[in-house]
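J.: Numbering (the working numbering), first residue to last: 6 to 167. Please see the structure below; I have some questions.
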């Protein structure tokens, strides 16, 4: 594995781990804490979190990791002879489908739906209860996908080492 590819895989590994850690924090204590709040307060808090999440530091890590992992996948497909190629492809697929895909096509639509909810509306409690369950299940999957991607990238580096 070349030095530049090794750096790209390390970046993919660290980025996947960082994103998995963010999602793990939500699964392990943020959402359970919000669940304890009255629905109006929880909805307002989650709406604020979702607005605040769209900031350069998070977006760069989330999508930068995707871009670097795509580059690693292209390399792996062009030179499938290396021992790390399968691990690179596995890590990239896990990240791109389980993190980026789920975020774009499942989590964001749920967040957009919640953004249109008036926290004090009569049906807010029911909307919140459905949202928490659906959002949390998707988020747990993102945690597993991020950890799987980081692990696959780490193994790719290990098997490529002499």
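Every residue gets a Cβ at the ideal spot worked out from N, C-alpha and C, and that includes glycine.
Where does residue 61 fall in DSSP's three states?
T.: helix
J.: For the 8 Å Cβ check, are there 3 or more pairs between the segment 37-44 and the segment 115-134?
T.: yes
J.: Looking only at its own chain, which residues have a Cβ that is under 8 Å from the Cβ of residue 10, when we skip the five neighbours before and after it?
T.: 77, 80
J.: Which value, in whole angstroms, describes the spacing of the CA atoms of residue 7 and residue 94?
T.: 17 Å
J.: Looking at the secondary structure, which residues open and close the alpha helix (DSSP H) in which residue 158 lies?
T.: 129-165
J.: In or out: residue 74 buried (at least 16 other Cβ within 10 Å) or exposed?
T.: buried
J.: Please classify residue 37: does DSSP put it in a helix, a strand, or coil?
T.: helix
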